[in-house]
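Chemist:
In my numbering, the protein residues as written are 318 to 504.
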């Protein structure tokens with residue numbers, strides 16, 4: 318059974334399981350639980366909304382977003398959508414009617430084209446949560462360039478983007494865009 322987006326309140330028992338079964342509460346709050354069997358399992362899950370951006374604040378599409386619980390087990394994995402968003406459903410704890418077994422904090426790993434980043438979220442303190450993670454795919458952003466580089470993502474600049482700081486530099490644009498705001502130069 319799956320119950321989601323519910324606020325239980327002012328009940329004698331918000332959750333009352335009398336038949337051995339597995340149940341999931343997603344993004345729901347409750348104050349009390351009763352179970353007459355140790356074979357009743359309640360998985361309390363929360364949303365973790367991950368917003369992936371590159372160093373120029375552009376959406377990162379198609380990144381693999383994987384969540385690992387505190388035991389190191391991979392719990393959920395999804396690709397970021399065209400808006401750079403990935404919504405995971407993560408277990409905060411498992412309740413067997415008498416004991417809570419916490420599986421948070423979670424480590425969120427993001428990978429794309431050999432680049433990676435990670436963060437940790439603790440659902441015990443945040444319940445459902447949103448976070449933005451920035452990816453630096455090339456190590457190259459607007460600024461001083463002192464060695465040859467290959468661009469891997471579009472760049473936006475509020476001034477001059479590249480200031481060349483050495484001779485014989487090659488900037489391989491790799492068909493990406495360098496966009497300004499009409500106040501500076503591209504190079």
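The beta-carbon is built from N, C-alpha and C at its ideal position, and this holds for glycine as well. Since this is a predicted model, take the numbers as computed values, not measurements.
Can you list, in chain order, the residues of its chain with a C-beta nearer than 7 angstroms to that of residue 418? Leave out the 5 residues immediately preceding and following it.
Modeler: Excluding sequence neighbours, residue 418 sits near 410, 411.
Chemist: Whose C-alpha, out of 374, 503, 461, is nearest the C-alpha of residue 483?
Modeler: Out of 374, 503, 461, 461 has the C-alpha closest to the C-alpha of residue 483.
Chemist: Look at the alpha carbon of residue 404 and the alpha carbon of residue 375, and state the distance between them as a whole number of angstroms.
Modeler: Near 18 angstroms, if we compare the C-alpha coordinates of residue 375 and residue 404.
Chemist: Have a look at residue 498 and residue 373 and give me their C-alpha separation to the nearest angstrom.
Modeler: Near 13 angstroms, if we compare the C-alpha coordinates of residue 373 and residue 498.
Chemist: I'd like the list of long-range same chain contacts for residue 297, defined as Cβ closer than 6 angstroms, with 5 residues on each side in sequence excluded.
Modeler: Residue 297 falls outside the range modelled here, since the chain spans only 318 to 504, and no answer is possible.
Chemist: Can you check which of these residues, 428, 335, 494, is closest to residue 459 by C-alpha distance?
Modeler: For the residues 428, 335, 494, the minimum Cα distance to residue 459 belongs to 494.
Chemist: Given a cut-off of 8 angstroms, decide if residue 434 and residue 408 are closer than it, judged by their beta-carbon atoms.
Modeler: No, these two residues do not count as a Cβ contact at 8 angstroms.
Chemist: What whole-angstrom Cβ distance do residue 424 and residue 437 have, given they're in contact under 8 angstroms?
Modeler: About 5 angstroms separates the two Cβ atoms, so the contact holds.
Chemist: Could you check which residue in 327, 426, 347 has the C-alpha nearest to that of residue 394?
Modeler: Of 327, 426, 347, the residue nearest in Cα terms is 426.
Chemist: Which whole-angstrom value is the C-beta distance of residue 359 and residue 340, which I expect to be below 8 angstroms?
Modeler: Sure, about 5 angstroms apart at Cβ, within 8 angstroms.
Chemist: What would DSSP say about residue 440, mapped onto helix, strand or coil?
Modeler: Of the three classes helix, strand and coil, the one that applies to residue 440 here is helix, per DSSP.
Chemist: What are the uninterrupted segments assigned as beta strand (DSSP E) that are 3 or more residues long and contained completely in the stretch 334-382, given in chain order?
Modeler: For the stretch 334-382, whole beta strand (DSSP E) runs of length 3 or above, ordered along the chain, are 339-343, 350-352, 358-371.
Chemist: Which same chain residues end up closer than 6 angstroms to residue 465 when comparing Cβ atoms and leaving out the 5 residues on each side of it in sequence?
Modeler: Around residue 465: 486, 487.
Chemist: What did DSSP end up calling residue 486 once you bin it into helix, strand or coil?
Modeler: Three-state result, residue 486: coil.
Chemist: Using the rule of at least 16 other Cβ atoms within 10 Å of the residue's Cβ for burial, across every protein chain shown, is residue 357 buried or exposed?
Modeler: Looking at its Cβ environment, which holds 16 or more other Cβ atoms inside 10 Å, residue 357 is buried.
Chemist: For residue 381, tell me which candidate among 400, 348, 366, 428 has the shortest Cα-Cα distance.
Modeler: Nearest of 400, 348, 366, 428 to residue 381, Cα basis: 428.
Chemist: Kindly give me the distance between the Cβ atoms of residue 320 and residue 331, rounded to whole angstroms, as I take these residues to be in contact under 8 angstroms.
Modeler: About 11 angstroms separates the two Cβ atoms, so there is no contact after all.
Chemist: With distances taken from CA atoms, which of 371, 489, 384, 318 is nearest residue 467?
Modeler: The shortest C-alpha separation from residue 467 is found at 489.
Chemist: Suppose you measure from the CA of residue 371 to the CA of residue 342; what does that come to, to the nearest Å?
Modeler: About 34 angstroms.
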